[in-house]
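Asks: Numbering (the working numbering), first residue to last: 242 to 713. Ideal Cβ placement from N, Cα and C applies to all residues, glycine included. Source: prediction; values computed, not measured. Just dropping this structure here.
Here's what the structure looks like:
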């Protein structure tokens with residue numbers, strides 16, 4: 242539990258600032274919520290340790306070799322249990338080791354996590370097995386798993402290096418120049434009526450700049466409009482007129498309202514066609530707890546200001562693909578991009594280009610915007626697709642299908658980025674098979690647990706028989 246707490250505190254510390262500054266919580270309350278989240282997340286590494294210990298009781302040190310299977314299983318739990326929060330899984334540690342990270346194109350980020358965990362498991366096996374061993378032959382025998390892991394890493398590195406060097410996908414498909422608008426709008430100003438006009442004008446001007454630089458698609462960040470695009474016709478018409486005059490589609494973030502009983506609010510992405518019409522809209526499916534809705538409202542009495550501040554959004558129900566120049570484009574809004582299977586399904590359904598729009602102003606000047614960008618880069622590797630990312634305060638950029646950033650911005654600076662992406666058709670093994678590897682790890686872990694349970698019962702029966710009849 243302690244190890245997990247250190248791991249998660251180091252990657253989720255920024256949540257305290259989000260809750261305090263934007264959730265209107267007192268600092269102690271913000272810290273408490275962060276501590277509770279870290280404790281919940283740390284329970285998964287703790288479960289990993291408990292399972293390895295249980296297995297070791299019956300399998301001895303050999304149980305350490307099951308570490309990759311068990312680790313992936315608990316990461317799968319982090320992804321889905323209680324809506325999931327798979328932020329910074331172990332495999333993301335290798336996203337900048339591009340050759341090794343190519344393993345994700347076959348087995349997803351979970352495959353990379355397994356590879357990293359296998360190193361620790363094999364090292365622990367070698368070290369613990371050597372204790373008390375005098376014979377050199379015995380010591381060499383227990384180095385075999387470590388040698389196998391090193392060989393696997395060497396093969397993965399070689400294969401990944403060849404894959405990246407060939408860069409076949411970088412010359413495939415159809416090229417499109419994409420413009421990314423980074424408005425750098427402070428959260429305190431975003432909904433200020435006095436600033437709304439200036440902010441909107443800034444987005445329009447940056448869009449013209451991107452188009453002048455050859456952009457054939459312009460992408461705005463999440464919730465970039467200070468108005469409801471479907472309701473504010475005069476403002477929306479200015480965007481439509483710009484798209485018509487340039488013949489360039491514009492993808493922007495805007496809330497949507499579905500009036501009725503009850504009225505529903507959605508965090509959405511809207512595509513404006515080159516002729517000014519609406520090409521489609523995607524409504525965010527995976528909402529942010531404490532950001533777009535508050536779970537367990539009645540229990541969180543100590544977080545009353547947060548409960549009052551955060552309005553309830555409704556989740557979208559369909560992963561809509563948007564038509565751009567005769568091809569299909571998917572959009573992930575904010576932290577949806579950290580859910581591997583959600584993005585994968587859009588590619589399996591025919592997406593030729595991945596876009597993600599976000600507002601990372603909430604994170605402040607912390608490691609979170611960089612973590613978020615690198616997790617998006619892993620989706621590019623997994624699915625063999627270019628990822629185009631527009632963030633209000635950065636990091637915005639274009640990532641190629643091998644996880645390499647082609648262009649990227651800094652954080653908390655206005656920017657207009659124009660670069661080339663490509664519409665691609667080929668699907669990776671991961672796109673075709675999904676998280677089969679991760680679920681196989683879970684099945685194997687369950688199988689080991691079942692075997693250990695049977696062994697435990699047999700040992701219990703033997704002890705019982707021995708107690709009744711004594712040694713023979």
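Taking the alpha carbon of residue 630 as the reference point, which residue from 640, 623, 622 has its own alpha carbon closest?
Replies: Comparing Cα-Cα distances from residue 630 to each of 640, 623, 622, the minimum goes to 640.
Asks: Would residue 343 and residue 401 qualify as a contact pair, given that the criterion is a beta-carbon distance under 7 Å?
Replies: Taking 7 Å as the Cβ cut-off, residue 343 and residue 401 qualify as a contacting pair.
Asks: Contact check, residue 596 vs residue 460 under 8 Å by CB: the rounded distance?
Replies: Contact flag correct, Cβ pair sits at about 6 Å.
Asks: Would you mind reading off the limits of the alpha helix (DSSP H) that contains residue 282?
Replies: Start and end: 268-300.
Asks: Looking at residue 423: is its Cβ nearer than 7 Å to the Cβ of residue 635?
Replies: Taking 7 Å as the Cβ cut-off, residue 423 and residue 635 qualify as a contacting pair.
Asks: Thinking residue 637 and residue 421 are a contact (beta carbons under 8 Å), I'd like their distance in whole angstroms, please.
Replies: Right, their Cβ atoms sit about 5 Å apart.
Asks: Judging by CA-CA distance, which residue of 278, 263, 659, 264 is the nearest neighbour of residue 248?
Replies: Ranking the options by Cα distance to residue 248, first place goes to 278.
Asks: Going residue by residue through the stretch 426-451, where are the continuous alpha helix (DSSP H) segments of at least 4 residues, counting only ones entirely within it?
Replies: Counting whole runs of 4 or more residues, the stretch 426-451 contains the alpha helix (DSSP H) stretches 428-431.
Asks: How is the beta strand (DSSP E) around residue 459 delimited, first residue to last?
Replies: From DSSP, the beta strand (DSSP E) with residue 459 extends over 458-460.
Asks: Should residue 545 go down as buried or exposed, given a rule of 16 or more other Cβ atoms within 10 Å for buried?
Replies: Since pLDDT at residue 545 reaches only 48, below the 50 mark, its modelled position is unreliable, and no value is offered.
Asks: How big is the Cα-Cα spacing for residue 434 and residue 688?
Replies: Answer to the nearest angstrom: the Cα atoms are 60 Å apart.
Asks: Go ahead and label residue 260 buried or exposed: buried means 16 or more other beta carbons lie within 10 angstroms of its beta carbon, across all protein chains shown.
Replies: Label assigned to residue 260: buried.
Asks: To the nearest whole angstrom, what separates the beta carbons of residue 313 and residue 355, a pair I think is in contact under 8 Å?
Replies: Indeed, because the Cβ distance is near 5 Å, the residues count as touching under 8 Å.
Asks: Give, in chain order, every unbroken run of the alpha helix (DSSP H) that is at least 4 residues long and sits entirely within the stretch 643-691.
Replies: Complete alpha helix (DSSP H) runs here, min 4: 670-674.
Asks: What is the rounded straight-line gap between the Cα of residue 243 and the Cα of residue 272?
Replies: Going by the C-alpha atoms only, they are around 18 Å apart.
Asks: Within its chain, find whatever has a CB closer than 8 Å to the CB of residue 513; leave out the 5 residues flanking it on each side and keep chain order.
Replies: Answer for residue 513: 480, 481, 484, 490, 491, 492, 493, 519, 520, listed in chain order.
Asks: Count the other CB atoms, across all protein chains shown, that sit within 10 Å of the CB of residue 603; report buried if there are 16 or more and exposed otherwise.
Replies: With 16 or more other Cβ atoms within 10 Å, it is buried.
Asks: If you scan the stretch 545-623 from start to end, which runs of the beta strand (DSSP E) of 3 or more residues do you find wholly inside it?
Replies: You should have 563-565, 568-574, 594-599.
Asks: Less than 7 Å between the C-beta atoms of residue 576 and residue 529, yes or no?
Replies: Result yes, Cβ atoms of residue 576 and residue 529 sit closer than 7 Å.
Asks: What number of angstroms, rounded off, separates the C-alpha of residue 615 from the C-alpha of residue 333?
Replies: Each residue's alpha carbon lies about 7 Å from the other.
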